[in-house]
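The first sequence begins at 8 in this note's numbering and counts up one residue at a time. No residue lacks a Cβ here, since even glycine has one placed at the ideal position from N, Cα and C. Below: one structure, written as structure tokens.
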Amino acid sequence: MKKKVASVSFDWPKGFPNSPLDVESFLIGSVVTNVSRRAKVLSIDLDTGYTLVIHLKMTGQLVFRSPNDNFGAGHPNGSLVGDLPDKSTRVTIKFSDNSTLYFNDQRKFGWIRLLPTTEVPKLDFFKKLGPEPLPNDFTSSIFASRLERRRNSNIKSVLLDQTVVAGVGNIYADESLWGAKINPNTLVRNLSKPKMNNLFTQLRYVLNLAIEKGGSTNSNYVNIDGKRGSYMDFARVFRREGLACPRCQTTIQKTRVAGRGTHFCPNCQRLVK
DNA sequence: CACTTGACCTGTCCGC
DNA sequence: TGCGGACAGGTCAAGT
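Right, dumping it as structure tokens:
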């Protein structure tokens, strides 16, 4: 159904950084023409030639409700998110059919920008962004050559580098390194070609599994219906420190690599120099 | 230039 | 029970 913006409210000036001052007059009356994703960024195109660009960061939520929806916590279809707006709601966009889009963000790291559609690809982030990992034209040799751009860094931080490959975050970095039996501290220059190929396969496996499971609700993440994702139930190392490695039963450890919590099996994922 | 660290924010958990 | 501090994850600015 056609979604036409009827009203916009936001309690939080930083929610629209670098956007036209009069966000409301730009948005009201505009009609959504397309919704897309690139890396961890969402884009909602409008028929006015403007686009809402959204990043949820860690605790952001984008939840859509129709007037008759009842997805509250006590409901059989219960979601992580109850009645909205709640105290983490930063932006509310109401449509002419009385449906509503809520942008919630507990920690306020996320943002929404309103930009001319033609300006979106010119954002520095998009210009530097690496390829999407899942399309068929992304091959293991392309992956390997992009890793080589940072030969002297540890593989964990390179996986997290959005200019190398788009969209890989902390959870799926740890999970794919476990799958490929690679220690997170391994320098890229010490990774053999077979290991890189293995990592390529494991990364795509983990991402596809996560999509199938609706993502990872480590804390706040929910889908557009406000429902949590279940990948964490299938995680093999992430947040499983102190538990047995599913492959060899060795106790999983947690350390810090690239400034992030990092989980690995000290037996399966030995450091190769 | 390549690479690492700190800031951004708030809620939760842990120890005293 | 209260309170301080560590911690969580994604990106960018600032530092080495």
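Distance, Cα to Cα, Asn204 vs Asp54?
Position 197 of the first sequence holds residue 204. Position 47 of the first sequence holds residue 54. Across the structure, Asn204 and Asp54 are spaced so that their CA atoms are roughly 43 Å apart.
Could you please give the first and the last residue of the uninterrupted beta strand (DSSP E) stretch that includes Gln209?
Start at 1 with the first residue of the first sequence, and residue 209 comes out as number 202. It is not in any beta strand (DSSP E) - Gln209 instead sits in the alpha helix (DSSP H) that spans Lys200 to Glu219.
Quick check on the burial criterion: 16 or more other C-beta atoms within 10 angstroms. Buried or exposed for Pro201?
Within the first sequence, residue 201 is the residue found at index 194, counting from 1. With fewer than 16 other Cβ atoms within 10 Å, it is exposed.
Under a three-way DSSP split, which group does Thr55 fall into?
One-based indexing of the first sequence puts residue 55 at position 48. Coil, per DSSP.
Are the Cβ atoms of Thr269 and Lys261 separated by less than 8 Å?
Position 262 of the first sequence, counted from the start, is the residue given in the question as residue 269. Position 254 of the first sequence, counted from the start, is the residue given in the question as residue 261. Yes. Within cutoff.
Could you tell me which uninterrupted beta strand (DSSP E) segments, each at least 3 residues in length, are contained entirely in the stretch 72-144, listed from first to last along the chain?
Qualifying beta strand (DSSP E) stretches, in chain order: 96-102, 107-112 and 118-123.
Decide if Ile189 is buried, meaning its Cβ has at least 16 other Cβ atoms within 10 Å, or exposed.
On the first sequence, residue 189 is found 182 positions in, with the first residue counted as 1. Flag for Ile189 reads buried.
Could you give the first and the last residue of the continuous alpha helix (DSSP H) run that contains Lys163?
Locating residue 163 in the first sequence gives position 156, counting from the first residue. Per DSSP, Lys163 belongs to the alpha helix (DSSP H) from Ile162 to Leu167.
Straight-line Cα distance separating Arg243 from Asn274
As a first step, residue 274 is located in the first sequence; it is residue number 267 there, counting from the start. As a first step, residue 243 is located in the first sequence; it is residue number 236 there, counting from the start. Distance from the CA of Asn274 to the CA of Arg243, rounded to the nearest whole angstrom, comes to 14 Å.
Might you give, ordered along the chain, the residues of its own chain that have their beta carbon closer than 7 Å to the beta carbon of Thr224, omitting 5 neighbours on each side?
Taking the first residue of the first sequence as 1, we reach residue 224 at position 217. Annotation for Thr224: Leu87, Arg235, Gly236 and Met239 place their beta carbon closer than 7 Å to its own, counting only its chain and skipping 5 residues before and after.
Closer than 6 Å by C-beta to Leu184: which residues in its own chain qualify, once you throw out the five before and the five after it? Chain order, please.
As a first step, residue 184 must be located in the first sequence, where it is residue number 177. So the qualifying residues of the chain are Pro191.
Residue burial classification, Pro140 (beta-carbon count within 10 angstroms, cutoff 16):
The residue given as residue 140 occupies position 133 in the first sequence. By the 16-neighbour rule on beta-carbons within 10 angstroms, Pro140 is buried.
Within the chosen definition, does the stretch 101-117 reach the stretch 66-75 through at least 3 CB pairs nearer than 8 Å?
Result yes; three or more Cβ-Cβ pairs closer than 8 Å.
Is the distance from the Cβ of Phe102 to the Cβ of Lys10 below 8 Å?
Within the first sequence, residue 102 is the residue found at index 95, counting from 1. Within the first sequence, residue 10 is the residue found at index 3, counting from 1. With respect to the 8 Å criterion, Phe102 and Lys10 are classified as neighbours on the basis of their beta carbons.
Own chain residues within Cβ distance below 6 Å of Val267, not counting five before or after:
By 1-based counting over the first sequence, the position of residue 267 is 260. The identity of residue 267 in the sequence shown is Arg, whereas the question assumes Val. Excluding sequence neighbours, Arg267 sits near Asn177.
Determine the closest residue to Thr125 out of Asp144, Leu59 and Glu155, with distance taken between C-alpha atoms.
Here residue 125 refers to the residue found at position 118 of the first sequence. Looking at the Cα atoms, Leu59 is the closest of the given residues.
Going along the chain, which residues of its own chain have a beta-carbon closer than 8 Å to the beta-carbon of Leu167, five neighbours each way excluded?
Sequence index remark: in the first sequence, residue 167 carries index 160 (1-based). Excluding the 5 residues flanking it on each side, Leu167 has same chain C-beta neighbours closer than 8 Å at Val175, Gly176, Asn177, Ala180, Ala265 and Arg267, in chain order.
So Arg153 is in the beta strand (DSSP E); what residue range does that whole segment cover?
Translated into positions along the first sequence, residue 153 becomes position 146. Under the DSSP assignment, Arg153 falls outside any beta strand (DSSP E), being part of the alpha helix (DSSP H) whose first and last residues are Ser147 to Leu154.
Alpha helix (DSSP H) segment containing Gly186, residue limits
As a working note, residue 186 is residue 179 in the first sequence. The continuous alpha helix (DSSP H) containing Gly186 extends over residues Asn177 to Gly186.
8 Å Cβ shell around Ser37 - same chain, five flanking residues per side excluded
Within the first sequence, the letter at position 30 stands for residue 37. Short of 8 Å from the beta carbon of Ser37, and not among the five residues preceding or following it, lie these beta carbons of its own chain, in chain order: Lys11, Val12, Leu53, Asp54, Thr55 and Tyr57.
Looking only at its chain, what residues have a beta carbon closer than 8 Å to the beta carbon of Arg263, apart from the 5 residues adjacent to it on each side?
Taking the first sequence and counting its residues from 1, one reaches residue 263 at position 256. Here the set comprises Thr269.
DSSP state of Leu69, grouped into three classes?
Here residue 69 refers to the residue found at position 62 when the first sequence is read from its first residue. Secondary structure of Leu69 (DSSP, three-state): strand.
Ordered along the chain, which non-local residues of its own chain (more than five positions away) have a Cβ less than 7 Å from that of Phe241?
The sequence position of residue 241 within the first sequence is 234, counting from 1. Hits under 7 Å: Leu216 and Lys220.
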